[in-house]
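First the structure, in the form of C-alpha cells, and then the observations on it.
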Amino acid sequence: MMGNAMQYLMDISFSEVVNRVFWFFGAILAVWFVNIVINHPSAVMLGIKNLWLHPMRSILTVLGIFVGVASVIWLLAISKGIGDEVQRQIENLGADTIMIRTVKPPSEKLSSQGLTPYGLTREEYDMLSATVPTIRSAIPIREMRRQFQFKDRKLDGRLVGCTPEYAEVTKLEIDRGHFITDAENFSRDSHCVLSAKVAEKLFPYEDPIGQRIYMPENQDFYLIVGVLKPKGATAAVGGSMAAQDFSNDVYIPIRTLQQRIGDTIMTMRSGSREGEIIELNQITLRCRDVNDVKKTAELVSTALSSHEKMEDISVVVPLELLEQAKTTKYMFMVLAAMIASISLLVGGIGIMNIMLATVTERTREIGIRRALGAKRRDIIRQFLVETSVLSLTGGITGILFGLLCGPAVSAARSLANSWFEKQMMDLPAVVRTVEPSIVPESITGAFLISLAVGLIFGIYPAIRAAKMSPIEALRHE
Amino acid sequence: MSFSDFSTEGFACRVVDLKKEFVLKSETVRALRGVTFDVPTGDYVAIMGPSGSGKSTLLNLLGCLDQPTSGSLWLGDDDVAKMTDDQLADIRSRRIGFVFQAYNLIQQLTVVENIQVPLFYQGKPLSREQHQRCLDLANMVGLGERLDHRPTQLSGGQQQRVAIARSLINDPFFILADEPTGNLDSRTTEEILQLFERLNNEGRTIILVTHEDEVSKRAKRVIRLKDGRLQWDRTNSQEVRDEAARYAIENMPVEV
Ligand SMILES: Nc1ncnc2c1ncn2[C@@H]1O[C@H](COP(=O)(O)OP(=O)(O)OP(=O)(O)O)[C@@H](O)[C@H]1O
Ligand SMILES: [Mg+2]
Numbered sequence: 002m003m004g005n006a007m008q009y010l011m012d013i014s015f016s017e018v019v020n021r022v023f024w025f026f027g028a029i030l031a032v033w034f035v036n037i038v039i040n041h042p043s044a045v046m047l048g049i050k051n052l053w054l055h056p057m058r059s060i061l062t063v064l065g066i067f068v069g070v071a072s073v074i075w076l077l078a079i080s081k082g083i084g085d086e087v088q089r090q091i092e093n094l095g096a097d098t099i100m101i102r103t104v105k106p107p108s109e110k111l112s113s114q115g116l117t118p119y120g121l122t123r124e125e126y127d128m129l130s131a132t133v134p135t136i137r138s139a140i141p142i143r144e145m146r147r148q149f150q151f152k153d154r155k156l157d158g159r160l161v162g163c164t165p166e167y168a169e170v171t172k173l174e175i176d177r178g179h180f181i182t183d184a185e186n187f188s189r190d191s192h193c194v195l196s197a198k199v200a201e202k203l204f205p206y207e208d209p210i211g212q213r214i215y216m217p218e219n220q221d222f223y224l225i226v227g228v229l230k231p232k233g234a235t236a237a238v239g240g241s242m243a244a245q246d247f248s249n250d251v252y253i254p255i256r257t258l259q260q261r262i263g264d265t266i267m268t269m270r271s272g273s274r275e276g277e278i279i280e281l282n283q284i285t286l287r288c289r290d291v292n293d294v295k296k297t298a299e300l301v302s303t304a305l306s307s308h309e310k311m312e313d314i315s316v317v318v319p320l321e322l323l324e325q326a327k328t329t330k331y332m333f334m335v336l337a338a339m340i341a342s343i344s345l346l347v348g349g350i351g352i353m354n355i356m357l358a359t360v361t362e363r364t365r366e367i368g369i370r371r372a373l374g375a376k377r378r379d380i381i382r383q384f385l386v387e388t389s390v391l392s393l394t395g396g397i398t399g400i401l402f403g404l405l406c407g408p409a410v411s412a413a414r415s416l417a418n419s420w421f422e423k424q425m426m427d428l429p430a431v432v433r434t435v436e437p438s439i440v441p442e443s444i445t446g447a448f449l450i451s452l453a454v455g456l457i458f459g460i461y462p463a464i465r466a467a468k469m470s471p472i473e474a475l476r477h478e
Numbered sequence: 298m299s300f301s302d303f304s305t306e307g308f309a310c311r312v313v314d315l316k317k318e319f320v321l322k323s324e325t326v327r328a329l330r331g332v333t334f335d336v337p338t339g340d341y342v343a344i345m346g347p348s349g350s351g352k353s354t355l356l357n358l359l360g361c362l363d364q365p366t367s368g369s370l371w372l373g374d375d376d377v378a379k380m381t382d383d384q385l386a387d388i389r390s391r392r393i394g395f396v397f398q399a400y401n402l403i404q405q406l407t408v409v410e411n412i413q414v415p416l417f418y419q420g421k422p423l424s425r426e427q428h429q430r431c432l433d434l435a436n437m438v439g440l441g442e443r444l445d446h447r448p449t450q451l452s453g454g455q456q457q458r459v460a461i462a463r464s465l466i467n468d469p470f471f472i473l474a475d476e477p478t479g480n481l482d483s484r485t486t487e488e489i490l491q492l493f494e495r496l497n498n499e500g501r502t503i504i505l506v507t508h509e510d511e512v513s514k515r516a517k518r519v520i521r522l523k524d525g526r527l528q529w530d531r532t533n534s535q536e537v538r539d540e541a542a543r544y545a546i547e548n549m550p551v552e553v
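These protein sequence lines are chains W and A, in that order.
Mapping of the first sequence onto this note's numbering: residues 2 to 478, in sequence order.
Mapping of the second sequence onto this note's numbering: residues 298 to 553, in sequence order.
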C-alpha cells in the first residue's frame, strides 16, 4: 500500500510537478531579473560596485550559496550514480526472470550423521518446466568451486553446469568459438567455455580454443570450445552479500557435470572432510512477459512449498528488487536534496545577515538617495539587485563546480586508490565504482533556487531599508 | 484672498497655513502651528529662530521630504501637501535642490557621480547635455579639476560646493539649505555665501536656515520663526547686505 502510493508519487508527481513548479517560478524570477538588467542596467552596475566595496565580505557570502548549489548537484549526482549502478546490476539479472536458489539450511535442520541432501532437485526442474505455463524457458544450474589447470598454470574459479539458454539470460557474450549447445548437453560432451579472465590467465600465449583444461579434483579434462567477452558483476542473489562475479567462471553442459562429478561433493577443509549433496544450485525461469513475473513467482513458491520446512531454497525476483531499488534510489535522492537544501538555506541566511548589516551601515546613504528623489521601489530594487548578484554569482559558480562532479570523483578515487588501497578494497563495489550522474533538473533547480534564495532572503532587508523615512535615515549616524 | 486670484505665476513657492504635528506615544509635538508666506522667484530668504522653533521641519516640508499635517504648499502648479510618497520622490528628483549641514555626499561615488545622483532617479538614461551640465556645474563651483575625487579626499568647503552643484543639477524651484555653513569656518563660510550670492544674482531662488546674524544679513529677506509660528518677516536693505559682506571680508582671518 505504502509502496504503491510512494511509487505513484515518485513516478508521476515528483518529477513532473516539481519540474513544473520550478519552471513556473523560474520564469517569473527570470523575467523579473532580465527586466531589471534591461531597464535598469545602471542599478545592476551600482549593485556590483557596492558589492565590490567589500570584496572579502561579498566573496564569503557568495561562498555560502556556492557551497549550497554545488552540494545540491553533487549529492544528487552521486546518489543517482549509486542508484543507477544498483539498478543496472539488477537489470542485468533480467527483469523477466525468476531465480530459485538452493541455500544451505540452518545447521539444526541437518542430521548430525552423514550428509543430508538438500536444495532443488532435477525432478522439480522437470516439473516446473513442464507445468508452469507462463515461462519461456527454464535453466538448471549447478555450480561449485574448482581448480582449473593448463600446463603449470593454475586458477581457482567456479565451475558452472548449465544449458545453452544460460548465456542469453545472464547476458554472456561469446568472443570466440561458441557457447554450450543442446547437442553437447544431450551427448554429455566434456566440452567447456571459458570466461575472458580464465582464458587470459590460463592461456596468456596460446589460443585456448581446441586446448584442454584439467580439473585436478576430478582428474578430468575438458575441451575448450568457446571463450566469452569480459562481463561486469551483477547484483547479489540468494542472500549472499557479494555481487555475482562472473569473471572466474568455466561453463560445461549440466548433463556432463551430473555424469562426471555427480551431486555429492566432498572437500577437505582444515583437516576434516566436508560435503554436500545438491542436485541443482539454481533454476532460472524466464517468463514470456514481464507482466507474468509476479504471478509466476507466486505459482513457483506454491509449487515448491515443500521446501519451507527445510528453509533450503530462496526465490529471487529481480523485478521486485528493481522496484525496491528504484524506490530506494528516489528516497535517497530526496534525502540528498533535502540535506543539500539545508546548506542552501544556510547560504540564504548568510545573505540575509550580510544584507541586514549593509542596510544598517548604509542607512545614511539610503536617506541621501531618498532625499535626492529615490522612490521606495528604487531602494528595494537596489538591495534586491545586490542580493541577486550575490546569489547568482554563487549559483553560477556552484553550477560550474557541480558539473565537475564526475571528473572530481574519478580524481578523488584514483587518489584514494593509491593512498588507501587496503581500505578502498573493503568498500562495497558500488561505492568503489560509482560514476556520478548529474541530474539535469538539479542544475535548473539549483540555479532557480539560488536566485529565489537571494530574493527571499534579500526582500526583508530591502523592505526595511525602503520603509525608513528619508528624514530619519538622514539623521542616522 | 479669493481662490480665483490665487496664482502661482512668479512664485517659487507659496505656503498657506502649513501645520505639522508629530504624534509621539505620550504627546503630540506641534512643530509648525500654521505658517503662511510666499517666496517669489529670485528671492533669497534666510529662516531664523531659536532651536526647536520648527525651522528644519519647515524646510523639510518645502523640500518634499515630509508631508504636512494640514495646509497647502504650492510648488509650481501643484499642491505638494496632497501628494503620495512616490509623487514626492518624483518632485524631489526633478525640481528640488537640497543642501545639508552635513554635506551628505555618497562616500563611494566620485564628485561627478555625486552631482548626477538626482538624474539617476528621473528614470531616463543620462543624456549628453545632462552630462555636460554636470561638468559645467562642477566647474562653476570650482571643482573642475577634481571630478574623479571621492568625498573623503575633499575639504568640508569643497564637499559643500559639490552638494551645491548637485542641488542645481535638476534646475530646481529653489535651493533649500539647512545650516549649510554650520560646519564650516569663517573663510569657507564666506566662499559658500559668495557662491549663493552669485547664484541668486543669476536668478536662483535660495532659502536657507541659519543661526548666525552675519549669514542672515546677506540674504534679501529674513523670516523668523518662534514656537512653530512666523514671528516676523523682514526685508534686508541693500546697504545692510553690502555692509555685512564688507565686514565679513575685512574680518576674515589672515591666511598663514
Ligand atoms: N521626527 C520628529 N518626531 C518628533 N518630534 C519632532 C520630529 N522632528 C522635529 N520634532 C520636534 O519639532 C520641533 C521643531 O524641530 P525642528 O527640528 O524643526 O527645530 P529647528 O528649528 O530646526 O531646531 P534647531 O535650530 O535645533 O535645528 C522640536 O520640538 C522637535 O523636537
Ligand atoms: Mg534644525
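Backbone N, C-alpha and C define an ideal beta-carbon position, used for all residues, glycine too.
A quick note: this is a predicted structure, and the numbers were derived from the prediction, not measured.
Contacting residues, own chain, Cβ-Cβ under 8 Å from residue i (five flanking each side not counted)
i: Val454 (chain W); result: Ile66, Gly69, Leu345, Leu346, Gly348, Gly349, Ile352, Ser392
i: Leu444 (chain A); result: Thr407, Val408, Val409, Leu432, Ala435
i: Arg476 (chain W); result: Gly368
Neighbour list for residue i in chain A, Cβ cutoff strictly below 8 Å
i: Ser43 (chain W); result: Phe417, Pro422
i: Lys376 (chain W); result: Asp382, Asp383, Ala386, Asp387, Tyr418
i: Leu391 (chain W); result: What Leu391 (chain W) touches in chain A: nothing, since even the nearest Cβ is about 17 Å away.
i: Leu1 (chain W); result: No answer is possible for residue 1 (chain W): the residues shown for chain W start at 2 and end at 478.
Contact test: residue i Cβ vs ligand 1 heavy atom, cutoff 6 Å
i: Phe557 (chain A); result: The question about residue 557 (chain A) has no answer, for chain A in this structure spans 298 to 553.
i: Val326 (chain A); result: yes
i: Gly349 (chain A); result: yes
Under 7 Å from the C-beta of residue i: neighbouring residues of chain W
i: Phe395 (chain A); result: Ala372
i: Asn357 (chain A); result: Ile472
6 Å Cβ shell around residue i - same chain, five flanking residues per side excluded
i: Pro567 (chain A); result: Residue 567 (chain A) lies beyond the stretch modelled for chain A, which goes from 298 to 553, so this question has no answer here.
i: Pro231 (chain W); result: Ala197
i: Thr329 (chain W); result: none
i: Ala474 (chain W); result: Thr364, Ile367, Gly368
i: Ser367 (chain A); result: Lys316
Same chain, Cβ closer than 7 Å to residue i, five either side skipped, listed in chain order
i: Met242 (chain W); result: Since pLDDT at Met242 (chain W) reaches only 38, below the 50 mark, its modelled position is unreliable, and no value is offered.
i: Gly158 (chain W); result: Arg147, Phe149, Val199, Asn249, Asp250, Val251
i: Val440 (chain W); result: Leu77, Ala78, Lys81
i: Gly240 (chain W); result: Low confidence applies to Gly240 (chain W): its pLDDT is 43, below 50, so where it sits in the model is not reliable, and the reading given next is rough at best. Correct list, in chain order: Val104, Ser315.
Ligand 2 heavy atom lying under 6 Å from the CB of residue i
i: Ser353 (chain A); result: yes
Sub-7 Å separation of residue i and residue j beta-carbons
i: Val199 (chain W); j: Val251 (chain W); result: yes
i: Asn282 (chain W); j: Arg143 (chain W); result: yes
i: Arg526 (chain A); j: Arg330 (chain A); result: yes
i: Leu402 (chain A); j: Pro448 (chain A); result: yes
i: Thr164 (chain W); j: Ile255 (chain W); result: yes
i: Phe458 (chain W); j: Gly396 (chain W); result: no
i: Val194 (chain W); j: Pro209 (chain W); result: no
i: Thr394 (chain W); j: Val63 (chain W); result: yes
i: Ala71 (chain W); j: Gly403 (chain W); result: yes
i: Ile520 (chain A); j: Leu473 (chain A); result: no
i: Gly162 (chain W); j: Ile279 (chain W); result: no
i: Tyr167 (chain W); j: Ser191 (chain W); result: no
Proximal residues of chain A, C-beta to C-beta of residue i below 7 Å
i: Glu366 (chain W); result: Ile403
i: Ile39 (chain W); result: Those within 7 Å of Ile39 (chain W) in chain A number zero; the least Cβ separation is about 12 Å.
i: Asp427 (chain W); result: Those within 7 Å of Asp427 (chain W) in chain A number zero; the least Cβ separation is about 58 Å.
Per-residue burial, residue i [other beta carbons within 10 Å of its own, 16 or more giving buried]
i: Asn292 (chain W); result: exposed
i: Cys310 (chain A); result: buried
i: Met216 (chain W); result: buried
i: Ser43 (chain W); result: exposed
i: Arg89 (chain W); result: exposed
i: Thr486 (chain A); result: buried
i: Ile175 (chain W); result: exposed
Per-residue contacts from residue i into chain W (C-beta, under 9 Å)
i: Leu362 (chain A); result: Arg371, Ala372, Ser470, Pro471, Ile472, Leu475
i: Val414 (chain A); result: Ile369, Arg370, Leu373, Gly374, Ala375
Contact list for residue i against chain A, beta-carbon separation under 9 Å
i: Asn51 (chain W); result: Gln405
i: Asp85 (chain W); result: Simply none; closest approach about 51 Å.
heavy atom of ligand 3 below 6 Å from residue i C-beta
i: Arg465 (chain W); result: The model depicted lacks ligand 3 and carries ligand 1 and ligand 2 instead.
Chain W contact residues for residue i, given Cβ-Cβ distances below 8 Å
i: Val377 (chain A); result: Going along chain W, no residue has its Cβ under 8 Å from Val377 (chain A), so there is no contact; the nearest lies around 14 Å.
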